C-alpha cells in the first residue's frame, strides 16, 4: 500500500510539472521584431512616419514602432486577435504620457507631474501627434500653437479679440512666451518665479526700484490688468477712475465723486461736483507704477 501511494504521488508531481511547463511555454513574452515587420501591414503614410517625423524604417532611426508600442511578436504572429494589438487607444492619459516620458524627461517636462494639464487628465497625445502632425514644429495636432491652445481655452480666444490685447493673434508673441504647457512651479503654468517677474521680462520700466512704490503694483500686475484681453485701454480690468476706487474709496478726495450721486439731473442741472468733468486720477497721479521724484509720495511724477 505504502509503495503504491508513493508511486501515485510521484506520478502526480510529474504530471503537475509537465502541465506547468506547458503553460509557461504558452504564455511566452513577446519579443521585438523590428519596424520592417510592422510596415508589412501598416503601410499608410501616417504609420510609416515614426516619432519626430522621421521614417520609422530609416537605418539611423532610433524611434521605431516598438519604441512606443512595445515588443510586437505576438501581434505579428496573429494580427487578427484584438487583444494582442499594442495600440495606445485603450490606455489612460497617464499611461500615454508615461510612454512619451520614457524619452522626453528633460528640463521642459520637469514639472509635468502635478501640473494643471496632468491633473486634468490631459495626455501628451492630446496636443502632439506622433504619426500625423499638422504643425511645422513640435508635432502638434493643430496647425499652430495658437490653434492648439484655443481647442480648449476658448475663453482666451474671446479675450484676444477685445480692443486691448497682447499681440498673440498678430503673431508677435505666442502662448509659450508666458506659459509652459508641461508645467511650472507657479500657478497657471506661468514662466518665471511670479506673475510680476514674467511681466518684467518685457515691461522692464515697471520693475523699479522706486523711491515711492505703489503697493498693489508690487503685489501683482493682475490687480489692475487682465493678461489676455480687455475692452479698456492697456489691458485694464476696468477704466480709470473706477479701477482706482476699488481701493481708494475713502481718500482725501470725496469717495462719491464718481458714483453718480453728484451728477447734474434734469430737475436740478446746476448741482454736481466740478471734479467730475474732464478729470481723472491720472491727471495728477501720473506715475501710477511708482515714482522716483523726491517730493512726490503720491505718485505725481
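Numbering (this note's numbering), first residue to last: -19 to 281. Virtual Cβ for every residue (Gly too), placed ideally from N, Cα, C. Keep in mind it's a predicted model, so treat the numbers as computed, not measured.
Scanning the segment 154 to 219 for uninterrupted beta strand (DSSP E) segments of 3 residues or longer gives nothing; none is fully contained. When the five nearest sequence neighbours on each side are left out, the beta carbons in the same chain lying within less than 6 angstroms of the beta carbon of residue 196 are those of 203, in order along the chain. Shown here for residue 76: same chain residues with a beta carbon closer than 7 angstroms to its own, the five before and five after excluded, namely 68, 103, 104 and 105 in chain order. Between residue 122 and residue 131 a beta carbon distance of about 6 angstroms is seen, short of the 8 angstroms cut, so the two are scored as contacting. In the assembly as shown, residue 61 is an exposed residue. Its beta-carbon has fewer than 16 other beta-carbons within 10 Å. Of all C-beta pairs linking the segment 221 to 228 to the segment 172 to 186, fewer than three are shorter than 8 angstroms, placing the two stretches out of contact. Between residue 70 and residue 10, the C-beta spacing is not below 8 angstroms.
Under a 10 Å Cβ-count criterion, residue 92 is classified as buried, with 16 or more other Cβ atoms of the shown protein chains found around its own Cβ.
A residue is called buried when at least 16 other Cβ atoms come within 10 angstroms of its Cβ; residue 54 meets this threshold and is buried. Exclusion of the five residues before and after residue 261 leaves 220, 221 and 224 as the residues of its chain whose Cβ lies within less than 7 angstroms of its Cβ.
Excluding its 5 nearest sequence neighbours in each direction, residue 206 has C-beta neighbours in its own chain below 6 angstroms: 215 and 217, listed in chain order.
Per DSSP, the beta-bridge partners of residue 271 are 192. Classified as exposed, residue 274 has fewer than 16 neighbouring CB atoms from the shown chains inside 10 Å of its CB. Annotation for residue 103: no alpha helix (DSSP H) segment contains it, and DSSP assigns it neither H nor E. Residue 73: member of the alpha helix (DSSP H) spanning 73 to 80, first to last residue. In terms of Cβ geometry, residue 108 and residue 126 do not form a close pair [threshold 8 angstroms].
Excluding five sequence positions before and after residue 142, the CB atoms of its chain that fall closer than 7 angstroms to its own CB belong to 209, 210 and 211, given in chain order. For residue 145, the secondary structure class from DSSP, reduced to helix, strand or coil, is strand.
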